Amino acid sequence: MVNLSGRGYKIINNYHGHEFFSVNGPDYLNRSLDNVRKNGNGRLLVFTNLDFLDIDNPDWTRNTVAQLEKDVKNGASGLKILTTRSQTNKKS
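Everything in the sequence shown is counted per numbering that gives the first Met the number 0, starting at 0 for the first residue and increasing by one.
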(Lines of atoms letter the chains of each structure in order from A and count residues from 1; the text may use other names and numbers.)
(Lines give C-alpha, C1' and ligand atoms only; values in the text may rest on other atoms or scores of the structure.)
Protein backbone atom coordinates (compact mmCIF):
# COMPACT_ATOMS: atom_id res chain seq x y z
CA MET A 1 0.00 0.00 0.00
CA VAL A 2 1.22 3.52 -0.76
CA ASN A 3 0.36 6.64 1.22
CA LEU A 4 0.78 9.40 -1.35
CA SER A 5 0.13 12.22 1.11
CA GLY A 6 2.59 11.45 3.88
CA ARG A 7 2.50 15.05 5.08
CA GLY A 8 -1.28 15.21 5.09
CA TYR A 9 -2.76 18.59 4.34
CA LYS A 10 -4.12 21.66 6.03
CA ILE A 11 -6.16 24.68 5.08
CA ILE A 12 -4.81 28.09 6.05
CA ASN A 13 -7.64 30.59 6.30
CA ASN A 14 -7.12 34.23 5.36
CA TYR A 15 -3.66 33.78 3.86
CA HIS A 16 -3.27 37.14 2.10
CA GLY A 17 -7.05 37.32 2.04
CA HIS A 18 -7.56 33.83 0.59
CA GLU A 19 -7.97 30.26 1.73
CA PHE A 20 -4.75 28.38 1.05
CA PHE A 21 -4.19 24.63 0.81
CA SER A 22 -0.85 23.49 2.20
CA VAL A 23 0.86 20.42 3.64
CA ASN A 24 1.97 19.76 7.19
CA GLY A 25 5.60 20.07 8.18
CA PRO A 26 8.35 17.46 8.37
CA ASP A 27 7.37 16.40 11.90
CA TYR A 28 4.04 15.13 10.57
CA LEU A 29 5.80 13.10 7.87
CA ASN A 30 8.30 11.70 10.37
CA ARG A 31 5.47 10.53 12.64
CA SER A 32 3.88 8.82 9.62
CA LEU A 33 7.17 7.14 8.75
CA ASP A 34 7.69 6.01 12.36
CA ASN A 35 4.19 4.53 12.40
CA VAL A 36 4.88 2.59 9.20
CA ARG A 37 8.19 1.25 10.55
CA LYS A 38 6.42 0.03 13.71
CA ASN A 39 3.23 -1.35 12.17
CA GLY A 40 3.67 -2.02 8.49
CA ASN A 41 7.34 -2.33 7.74
CA GLY A 42 7.79 -3.86 4.30
CA ARG A 43 4.10 -3.51 3.44
CA LEU A 44 3.58 0.25 3.30
CA LEU A 45 5.29 3.09 1.46
CA VAL A 46 4.99 6.76 2.38
CA PHE A 47 5.53 9.57 -0.11
CA THR A 48 6.40 13.14 0.77
CA ASN A 49 4.83 16.31 -0.61
CA LEU A 50 6.03 19.79 -1.51
CA ASP A 51 5.09 22.82 0.56
CA PHE A 52 4.34 25.75 -1.75
CA LEU A 53 3.45 28.18 1.03
CA ASP A 54 6.69 30.18 0.73
CA ILE A 55 7.31 29.73 -3.02
CA ASP A 56 7.99 33.45 -3.55
CA ASN A 57 10.97 33.29 -1.19
CA PRO A 58 14.21 33.39 -3.22
CA ASP A 59 15.52 30.47 -1.11
CA TRP A 60 12.44 28.30 -1.70
CA THR A 61 14.11 25.98 -4.22
CA ARG A 62 17.22 25.45 -2.11
CA ASN A 63 15.17 24.90 1.07
CA THR A 64 12.73 22.57 -0.66
CA VAL A 65 15.46 20.41 -2.21
CA ALA A 66 17.17 20.18 1.18
CA GLN A 67 13.88 19.14 2.81
CA LEU A 68 13.24 16.52 0.11
CA GLU A 69 16.70 15.07 0.71
CA LYS A 70 15.96 14.87 4.46
CA ASP A 71 12.57 13.27 3.78
CA VAL A 72 14.15 10.55 1.64
CA LYS A 73 16.91 10.00 4.20
CA ASN A 74 14.21 9.58 6.85
CA GLY A 75 12.39 6.98 4.74
CA ALA A 76 10.07 8.68 2.24
CA SER A 77 9.73 6.44 -0.81
CA GLY A 78 8.71 9.02 -3.39
CA LEU A 79 7.24 12.42 -4.14
CA LYS A 80 3.60 13.18 -4.87
CA ILE A 81 2.66 16.66 -6.03
CA LEU A 82 -0.90 17.17 -4.91
CA THR A 83 -3.14 17.91 -7.89
CA THR A 84 -5.07 20.64 -6.11
CA ARG A 85 -1.96 22.80 -6.41
CA SER A 86 -2.61 23.58 -10.03
CA GLN A 87 -6.25 24.35 -9.34
CA THR A 88 -6.00 26.79 -6.45
CA ASN A 89 -2.49 28.20 -6.08
CA LYS A 90 -0.89 30.70 -8.35
CA LYS A 91 2.46 32.38 -7.99
CA SER A 92 1.95 36.02 -7.13
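Note that the Cβ used here is the ideal one computed from N, Cα and C, for glycine as well.
Fair warning: this is a prediction, and the values are worked out from it, not measured in the lab.
Distance between residue j and residue i (C-alpha atoms, nearest Å)
i   : j   : result
N23 : N40 : 23 Å
G7  : L28 : 8 Å
Q66 : L43 : 22 Å
N13 : D50 : 17 Å
I10 : D70 : 22 Å
I54 : T63 : 9 Å
Proximity of residue i and residue j at Cβ, strictly below 8 Å
i   : j   : result
G16 : A75 : no
L78 : F46 : yes
Sequence-distant residues of the same chain with beta carbon closer than 7 Å to residue i, five excluded per side
i  : result
L3 : F46 and K79
Contact the region 25 to 41 vs the region 54 to 62: 3+ CB pairs below 8 Å: no
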